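The structure appears below as structure tokens.
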Amino acid sequence: MTTGSEHSNVARKGATEYGPKGGSKEIEDFIYLISHDVRSSVRALIELPQWIVEDLEGQGVKIEGPVATSIEMLNRHTGRLDRMLVDLLTFFRIGRMQEVRRIDLDSAIDTVLEAMEVPHGFQVVRNLECDSFMMGERDVLTLLSALIQNAIKHHDRTSGKIILMSEKQGNDVLLCVSDDGPGITEEFTEKVFGAMTTLRPRDEVEGSGMGLAQVRKIAQHYGGDATATASSYGRGTQIRVRFSAG
Numbered sequence: 028m029t030t031g032s033e034h035s036n037v038a039r040k041g042a043t044e045y046g047p048k049g050g051s052k053e054i055e056d057f058i059y060l061i062s063h064d065v066r067s068s069v070r071a072l073i074e075l076p077q078w079i080v081e082d083l084e085g086q087g088v089k090i091e092g093p094v095a096t097s098i099e100m101l102n103r104h105t106g107r108l109d110r111m112l113v114d115l116l117t118f119f120r121i122g123r124m125q126e127v128r129r130i131d132l133d134s135a136i137d138t139v140l141e142a143m144e145v146p147h148g149f150q151v152v153r154n155l156e157c158d159s160f161m162m163g164e165r166d167v168l169t170l171l172s173a174l175i176q177n178a179i180k181h182h183d184r185t186s187g188k189i190i191l192m193s194e195k196q197g198n199d200v201l202l203c204v205s206d207d208g209p210g211i212t213e214e215f216t217e218k219v220f221g222a223m224t225t226l227r228p229r230d231e232v233e234g235s236g237m238g239l240a241q242v243r244k245i246a247q248h249y250g251g252d253a254t255a256t257a258s259s260y261g262r263g264t265q266i267r268v269r270f271s272a273g
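FYI, the numbering used here numbers position 84 of the sequence shown as 111, with every residue one higher than the one before it.
See below:
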């Protein structure tokens, strides 16, 4: 019998050891199919508790106390599992089934921000010296979404500033995302790119731990890499993403 943690370990191994550098497409395909099938069951698990509640309330049974708490906990954990599977599927779709075309970075940022619930206290500033390059549209949207969400999610205040900068360096594009959050220590600058890695408990910061793993895989797929450093603004973190301009 395979436990949940063993499934997680298999997925983590596939997302790291067998990523772009490992070259095992078969492993990636296998994990992608498993994740896709498992998500169908998870979707049912998300809906079933609500159906049960509706049926019981229809019979005049009031859901309260420990039962209500248990149902709320079930909803929270199934929702978390669903997000993890979605992010895992996104990870294994990177570089696949999309046309590589010229991207307008400013427009792509607009698309991401429109789809994202940016807290009112946060300001997203752009300083784009290079706003045109070749990439799959889904990949660039995944990249930008992961970078901005990471900056917001790990901020320790209700307001903050996120700065997106881009410049052309030879045949490459350098995209930097800086924030004014709590920052990062050197011991974690590599660890944050690990698949399913979170530096804080998921009860404190919701997330699958796949965001920066997606960022690095996209960068590597397009001939570059991603690194994390302490922000040059005295507080916060800077994620630097380098990739071919195409």
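Note that CB positions come from ideal geometry on N, CA and C, so glycine has one too.
This one's a predicted model, so the numbers in the text were calculated from it and none came from an experiment.
For residue i, does the three-state DSSP call read helix, strand or coil?
i      : result
Ser235 : coil
Asn102 : helix
Thr254 : strand
Gly85  : helix
Gly163 : strand
Asp280 : Lying outside 28 to 273, the shown extent of the chain, residue 280 is not represented and no answer is given.
Gln265 : strand
Arg70  : helix
Gln247 : helix
Glu213 : helix
Met111 : helix
His182 : coil
Leu171 : helix
Gln125 : coil
Glu53  : helix
Arg120 : helix
Thr225 : coil
Asp64  : helix
Asp207 : coil
Ile90  : coil
Since residue i sits in a beta bridge, which residues does DSSP pair it with?
i      : result
Ala142 : DSSP output for Ala142 lists no bridge partner at all.
Ser193 : Leu155 and Leu202
Gly187 : Phe149
Phe270 : Val200
With residue i and residue j assumed to form a contact (beta carbons below 8 Å), what rounded beta-carbon distance in angstroms separates them?
i      : j      : result
Val139 : Ile175 : 6 Å
Leu112 : Ser62  : 5 Å
Gln265 : Val204 : 7 Å
Thr256 : Thr216 : 6 Å
Thr185 : Thr117 : The Cβ separation is near 28 Å, so there is no contact.
Ala178 : Leu239 : Rounded, the Cβ-Cβ distance is 11 Å, inconsistent with contact.
Gly234 : Gly187 : Incorrect: roughly 17 Å between the Cβ atoms, too far for contact.
Val88  : Ile130 : Incorrect: roughly 54 Å between the Cβ atoms, too far for contact.
Taking the alpha carbon of residue i as the reference point, which residue from the options has its own alpha carbon closest?
i      : options                           : result
Asn154 : Ile189, Gly163, Arg243 and Asp199 : Ile189
Met237 : Val151, Ile121, Gly92 and Arg184  : Ile121
Phe119 : His248, Ala142 and Val152         : His248
Asp158 : Asp137, Arg123, Pro76 and Gly263  : Asp137
Thr96  : Arg227, Arg110, Ala71 and Val80   : Val80
Glu214 : Asp206, Leu191, Thr254 and Met223 : Thr254
Met124 : Glu164, Asp207 and Val151         : Glu164
Ile245 : Gly263, Arg267 and His181         : Arg267
Asp183 : Arg227, Glu55 and Ser172          : Arg227
Met223 : Arg110, Val151, Ala71 and Asp133  : Arg110
How about residue i: is its C-beta nearer than 8 Å to some C-beta of chain C?
i      : result
Leu112 : Protein chains in the displayed structure number just one, and chain C is not present.
When we look at the beta-carbon of residue i and count the other beta-carbons within 10 Å, is it buried (16 or more) or exposed?
i      : result
Arg243 : buried
Met162 : buried
Phe270 : buried
Val127 : exposed
Ser193 : buried
Gly261 : exposed
Leu171 : buried
Leu115 : buried
Gly92  : exposed
Asp252 : exposed
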